[in-house]
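Take a look at the structure below.
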């Protein structure tokens, strides 16, 4: 028999919000975050060189996300 009180457990939405907050904090405090960002931008520039696409979508990075924009403005 399970003795855990279900009311003591956060609901799934709260667990997801807590997990997201924890992961954002971890990402913001990565020691090599900027170096990783630069490396990904270099890879993206190489990938973009021979792309035949006329339009490529991107996002405005928030909360320490990878910033693809410098690679696209080249």
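Numbering (our numbering), first residue to last: 13 to 86.
Built from N, CA and C at the ideal position, the CB exists for glycine as well.
- Counting only residues of its own chain and dropping the five nearest sequence neighbours on each side, residue 84 has a CB closer than 6 angstroms to the CB of 70.
- Relative to residue 56, the option among 29, 42, 78 whose CA is nearest is 78.
- Contact annotation: residue 53 and residue 24 have beta-carbon atoms that are not nearer than 8 angstroms.
- Listed in chain order, the non-local C-beta contacts of residue 39 below 8 angstroms within the same chain comprise 45, 75, 76, 77, local neighbours out to five positions each way being set aside.
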